[in-house]
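Scroll down for the structure; my scribbles are underneath it.
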Amino acid sequence: MKVKDCMCKEVVFVKPDCDTEECARLMCENHIGCIPVCDDSKKVVGLVTDRDILLRTVGCGKDIKNTPVSDIMTCNVAWCSPETDVCDAEKVMGNNQIRRIPVMENNKVVGMLTLGDLAKNKNVENNGVYATLEDICGCDKKNAE
Numbered sequence: 183m184k185v186k187d188c189m190c191k192e193v194v195f196v197k198p199d200c201d202t203e204e205c206a207r208l209m210c211e212n213h214i215g216c217i218p219v220c221d222d223s224k225k226v227v228g229l230v231t232d233r234d235i236l237l238r239t240v241g242c243g244k245d246i247k248n249t250p251v252s253d254i255m256t257c258n259v260a261w262c263s264p265e266t267d268v269c270d271a272e273k274v275m276g277n278n279q280i281r282r283i284p285v286m287e288n289n290k291v292v293g294m295l296t297l298g299d300l301a302k303n304k305n306v307e308n309n310g311v312y313a314t315l316e317d318i319c320g321c322d323k324k325n326a327e
């Protein structure tokens, strides 16, 4: 199965100069926990999660109205393409300990793939999702038994 078969194709994104408050509002309105930060050509230059907003802005006493997302975003974002095999995307997510990954085509964001997308898709092997979650959480199977 390919990523394009289970990714979310409706992507909300912000530009690097967007203030953190607006980013948080967009997350709330769209019921998402992560937003890609894109340049004018829709190339992903960073990623902001709800946790980033909490820890890198609110937790540090920064003003969310005057803090651009470029100050709190994660750079060097792991990504995959729509043609990537789901098993390979799961490995990228597990190896990088991330729950969400932008999907890029021709250097433009065209979708998002989340652990939730994988878990709710009937055509995705449950064992792969479980293994990815274990990798993301840093779980050790030997210690869990």
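The opening position of the sequence shown corresponds to residue 183 in our numbering, with each subsequent residue numbered one higher. All C-beta atoms, glycine included, are put in the ideal place defined by N, C-alpha and C. In this text, all values refer to a predicted model and were calculated from it rather than measured experimentally.
Cut-off 6 Å between Cβ atoms - residues of its own chain near D187, not counting five sequence neighbours on either side: none
For the segment 220-230 against the segment 190-199, do three or more pairs of beta-carbon atoms, one drawn from each stretch, fall closer than 8 Å, so that the two count as touching? yes
Looking at the strands, I want to know which residues DSSP matches up with E203. Paired residue(s): none; E203 is not in a bridge.
Assign R282 to one of two classes, buried (16 or more other C-beta atoms within 10 Å of its C-beta) or exposed (fewer than that). buried
Here's the rule: buried if 16 or more other CB atoms are within 10 angstroms of the residue's CB, otherwise exposed. What is V257? In the sequence under discussion, the amino acid at residue 257 is Cys, which differs from the Val named in the question. Exposed, since its Cβ has fewer than 16 Cβ neighbours within 10 Å.
Please report the straight-line C-alpha distance between R238 and E287, rounded to a whole angstrom. 30 Å
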